[in-house]
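Engineer: Going by this note's numbering, the sequence shown opens with residue 103, and the numbers climb by one from there. No residue lacks a Cβ here, since even glycine has one placed at the ideal position from N, Cα and C.
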Amino acid sequence: MSRIRILPEAVANKIAAGEVVERPASVVKELLENALDAGAKTIRVEVESGGKRMIRVIDDGQGMAHDDALLAFERHATSKLRTADDLLSIATLGFRGEALPSIAAVSRLLLETHVEGEAEGTRVEFAGGKLVGVKPAGLAAGTTVSVADLFYCVPARRAFLKSETTELGHIASLVTHYALANPEKQFVLSTPAQEIINCAPVERLADRVYQLFGRQALGDLVEIPAASGPFRAAITEPELEPGEEAATLTVSGFASRPEVQRPNRNGIYIFVNRRLVRDRLLLHAIHEAYRNILPHAVFPAVLLFLEMPCAEVDVNVHPAKIEVRFRRQQFVHDFVRDAIRNALTRVRPIASFAAAAGAGSGAPAALADGEALAGPPRAVIPPLAGAMAPVEEMGVGSGVGSDGGGYGGFDLTAPPLRPVARRFAFDEAAGAGNAGIAEAGPRAAAAPSVADWPATHGAAYADAPATLPRPDEIADLKPLGQVSASFIVAVNAQGLWLIDQHVAHERVLFEQHLEARRSGRVEGQRMLMPLIVELSPRQVVIFEKILEELNANGFEVEPMGPRSVAIQAVPAGVAAGDAEKLLTEILDGI
């Protein structure tokens, strides 16, 4: 008897839906793309319970006729492709014909649509992939899709959803992306309690950045003027294909000034032909542009827009349509890197961007979100011993397309690393265990020059886990001196020790704060004048979640409008000049 069987259609649909619909933000993404492809000028997104209870996307696009409204729920039914050759020139955001049937398979979905000029619209209702009803309705022109009880028929998937605040944060970040890519359109994101985003149409990207992030964030950015380069420069074939002679790559956007340091990649927005993407090649190009300008494990803020012929990029890589492949990867990588570098060279370094002794970081690996570019910071490096390996493993080697030299007016040594968010941890458990010292604060960026080190030096500890030495190991340490005002060189019977004094000091501050938190004696210091801070849409969502925790840790922060907060007090020991940086790094790091 055969053990292989064809799955029932309902089961197959739920499996297929899992590739497209991972969380509420996935639903919003698919519906936003449909609205944009339909030519909508105004798009409203309404969310309840982080999207778990209800997601509603309302647009004023062209709508669908009665027959199309029903056919849209058939798998692989689409108006955007006709033949296989069309896959080589996809100009729309959606094209697979999987979004609506996938969403309908795991939710209760109501579609209301009306084509302008027709006598009536159409209302279609699905539940768990089954058609519940179809009827005419009097509706405004456009389409409204309401998705209720997401994953109600797939309890296992629903159990993996995060908190309502976390899911809402993902939705806010997604709407922010599409609002940046389409400044000429209006975007609104709201919950029953608040309006998170309301961006009126504007002509310039800079105006949209101001709407979403505020004046301070816009001032931290450098414009990347539109730069175009012909693809024929990268073509090695003896004869050009039709259209290749005129094919060009255009790069534009904004990049943060060198003194801006962010704890993660949340500030990097990448678009290819207005399509939101997360591409390792482009991430690597961005990090290459900032190589030796930013220290390891901190990131810039970048809004990057690439325009190219559809034939030069493959968007049919994954059902989520967020991954792409470039036909001429090296050319795209180097052109993006150079466009950002050229923008940075036009900005003279400011006084706070102090040069530190030491070598710059190596080419960052293009990793997934949340992964550090190097190993965790080490407060103490144990005695040097054991096998040696190439210095590149320590993160000081050159990367793709690098020449190891400087450019523009910048000193390419890394600036001092001054993130302050990790000085205080809300989770008391962070203070326990041997690895705590590594997480208490970042390693100082300043380091001794490694240019003259042996090529085999130090890799024995490049990937070693950060550990806290036992008291008996360091009780007899004798200091020998200091290197670059950053490292203490000491010795004992076990050998030579290098102590990162900045991280060690931050650990002391962390332990003091943790002890004060445990005893309920956290002290705050009031600011002479309240400091007004403008937050991004995602930061607004996170702020509301952790407001009580902030107050319990010495902050006094009050909302000052839909997108601004006022810092009245900060924890004792935090300089007033670090207050805004500390708050934003906390919000970005959660």
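1) May I ask which residues mark the beginning and end of the alpha helix (DSSP H) holding I576?
2) Over what stretch of residues does the alpha helix (DSSP H) that includes R259 continue unbroken?
3) Take A281 as the anchor and find which of D170, V304, L383 has the nearest alpha-carbon.
4) Report the residue from R306, L320, R439 whose alpha carbon sits nearest the alpha carbon of L351.
5) The beta strand (DSSP E) that contains K287, what's its start and end?
6) Ordered along the chain, which non-local residues of its own chain (more than five positions away) have a Cβ less than 6 Å from that of A422?
7) What residues match up with S209 in a beta bridge as DSSP calls it?
8) Return the residue from the list R198, G691, P365, P126 that minimises the CA-CA distance to F262.
9) Taking the C-alpha atoms as reference points, what is the distance between P360 and A319?
10) Which runs of the beta strand (DSSP E) at least 3 residues long sit entirely within the segment 371–442? Give them in chain order.
11) Is it buried or exposed for P238, if we count other Cβ within 10 angstroms and need 16 for buried?
12) For a quick check, are the C-beta atoms of I688 and M662 less than 8 Å apart?
13) Take I372 as the anchor and find which of A403, I395, L616, I590 has the nearest alpha-carbon.
14) Nearest chain C C-beta to P360 closer than 8 Å, yes or no?
15) Kindly indicate the opening and closing residues of the beta strand (DSSP E) around I692.
16) Rounded to the nearest angstrom, what separates E227 and S292 at their Cα positions?
17) Return the chain-ordered list of same chain residues with a C-beta closer than 6 Å to the C-beta of E132, the five sequence neighbours on each side being excluded.
18) Check whether the segment 381–395 and the segment 430–447 touch, using three or more Cβ-Cβ pairs below 8 Å as the test.
19) Compare the Cα-Cα distances from A399 to each of N375, H389, F407 and report the closest residue.
20) Within 10 angstroms of its Cβ, does T278 collect 16 or more other Cβ (buried), or is it exposed?
21) Please go through the same chain and pick out, in chain order, the residues whose beta-carbon is closer than 6 Å to the beta-carbon of V247, but skip the five residues on each side of it.
22) Using the DSSP secondary-structure output, state which residues sit across from P673 in a beta bridge.
23) Could you have a look at E297 and say whether DSSP puts it in helix, strand or coil?
24) Looking at the structure shown, is L173 part of a helix, part of a strand, or coil, going by DSSP?
25) Express the C-alpha separation of F289 and V667 in angstroms, rounding to a whole number.
26) In its own chain, which residues sit with a C-beta less than 8 Å from the C-beta of M626, not counting the 5 before and 5 after it?
27) What residue range does the alpha helix (DSSP H) around K182 cover?
28) Would a C-beta distance cut-off of 8 Å place G141 and V217 closer than the cut-off?
29) Should M156 be labelled buried (16 or more other beta-carbon atoms within 10 Å of its own) or exposed?
30) Out of I424, T245, Q363, which has the shortest C-alpha to C-alpha gap to P397?
31) Which residue comes first and which comes last in the beta strand (DSSP E) that contains D161?
32) With burial defined as no fewer than 16 other Cβ atoms inside 10 Å of the residue's Cβ, what is the status of L314: buried or exposed?
33) Could you tell me if the beta carbon of I424 falls within a distance shorter than 7 Å of some heavy atom in the ligand NAD?
34) Measuring CA to CA, which of P581, G583, Q596, S586 is closest to R572?
35) Would you mind reading off the limits of the beta strand (DSSP E) that contains K237?
36) Just verifying my parser: in three-state terms, what is the DSSP assignment at K580?
Structural biologist: From the atom records:
1) Numbered from 1 along the sequence shown, position 474 holds the residue referred to as residue 576. First-last of the alpha helix (DSSP H) with I576: 573–576.
2) For the purposes of this step, residue 259 is identified with residue 157 of the sequence shown, where counting begins at 1. Taken as a continuous stretch (DSSP letters only), the alpha helix (DSSP H) holding R259 covers 257–261.
3) Reading the sequence shown from its first residue, position 179 is the one you call residue 281. The option with the nearest alpha carbon to A281 is V304.
4) Position 249 of the sequence shown holds residue 351. The shortest Cα separation from L351 among R306, L320, R439 belongs to R439.
5) Here the question's residue 287 lines up with position 185 in the sequence shown. No beta strand (DSSP E) holds K287; DSSP gives it neither H nor E.
6) Position 320 of the sequence shown holds residue 422. Excluding positions up to five away in sequence, the list is empty.
7) The residue you call residue 209 lines up with position 107 of the sequence shown. S209 is not bridged to any residue.
8) The count along the sequence shown starts at 1 and reaches residue 262 at position 160. Closest in C-alpha terms to F262, from the list R198, G691, P365, P126, comes P126.
9) Position 258 of the sequence shown, counted from the start, is the residue given in the question as residue 360. Position 217 of the sequence shown, counted from the start, is the residue given in the question as residue 319. Cα to Cα, P360 sits roughly 13 Å from A319.
10) Runs of the beta strand (DSSP E) inside the segment 371–442: 404–409.
11) As a working note, residue 238 is residue 136 in the sequence shown. Burial call: exposed.
12) Sequence index remark: in the sequence shown, residue 688 carries index 586 (1-based). Sequence index remark: in the sequence shown, residue 662 carries index 560 (1-based). When the beta-carbon positions are compared, I688 and M662 stay at least 8 Å from each other.
13) One-based indexing of the sequence shown puts residue 372 at position 270. Selected option, being the one with the closest Cα: A403.
14) Given the protein chain composition of this structure (a single chain), no chain C is represented.
15) In the sequence shown, counting from the first residue as 1, residue 692 sits at position 590. Unbroken run through I692: none, as it is neither H nor E.
16) If you number the sequence shown from 1, residue 227 lands on position 125. If you number the sequence shown from 1, residue 292 lands on position 190. When rounded, the distance between both Cα atoms is 24 Å.
17) The residue you call residue 132 lines up with position 30 of the sequence shown. Cβ contact annotation for E132 (same chain, cutoff 6 Å, sequence separation greater than five): A201, in chain order.
18) Counting Cβ pairs under 8 Å, three or more are found: they touch.
19) The residue given as residue 399 occupies position 297 in the sequence shown. Comparing Cα-Cα distances from A399 to each of N375, H389, F407, the minimum goes to H389.
20) Sequence index remark: in the sequence shown, residue 278 carries index 176 (1-based). So T278 ends up on the buried side.
21) Numbered from its first residue, the sequence shown carries residue 247 at position 145. Listed in chain order, the non-local C-beta contacts of V247 below 6 Å within the same chain comprise L133, V159, L213, local neighbours out to five positions each way being set aside.
22) Counting from 1 along the sequence shown, the entry for residue 673 is found at position 571. BP columns for P673 point to G626.
23) Sequence index remark: in the sequence shown, residue 297 carries index 195 (1-based). E297 falls in the strand class under three-state DSSP.
24) Here residue 173 is taken as the residue at index 71 of the sequence shown, counted from 1. Shown here, L173 sits in a helix according to DSSP, grouped into three states.
25) Numbered from 1 along the sequence shown, position 565 holds the residue referred to as residue 667. Numbered from 1 along the sequence shown, position 187 holds the residue referred to as residue 289. Straight-line Cα distance between these residues: approximately 23 Å.
26) Locating residue 626 in the sequence shown gives position 524, counting from the first residue. The question names Met, but residue 626 is Gly in the sequence shown. For G626, where only same-chain residues beyond five positions count, the Cβ hits under 8 Å are G656, F657, E658, A671, V672, P673, A674.
27) Residue mapping note: residue 182 aligns to position 80 of the sequence shown, counting from 1. That residue, K182, is in no alpha helix (DSSP H); it is neither H nor E in DSSP.
28) Numbered from 1 along the sequence shown, position 39 holds the residue referred to as residue 141. Numbered from 1 along the sequence shown, position 115 holds the residue referred to as residue 217. No. Outside cutoff.
29) Residue 156 sits at position 54 when you count from the first residue of the sequence shown. The residue is buried, with at least 16 neighbouring Cβ atoms inside 10 Å.
30) By one-based count along the sequence shown, residue 397 stands at place 295. Selected option, being the one with the closest Cα: Q363.
31) On the sequence shown, position 59 is the one that residue 161 refers to. It spans 156–161 - the beta strand (DSSP E) in which D161 sits, taken as one unbroken run.
32) Locating residue 314 in the sequence shown gives position 212, where the first residue counts as 1. It is buried - the Cβ of L314 has at least 16 other Cβ atoms within 10 Å.
33) Only the bare structure without any ligand can be found here, which leaves the ligand NAD out of the picture.
34) Indexing the sequence shown from 1 puts residue 572 at position 470. Ranking the options by Cα distance to R572, first place goes to Q596.
35) On the sequence shown, position 135 is the one that residue 237 refers to. Boundaries of the beta strand (DSSP E) harbouring K237: 232–239, taken from the DSSP string.
36) To locate residue 580, count along the sequence shown from 1; it is residue 478. Reduced to three states, the DSSP call for K580 is strand.
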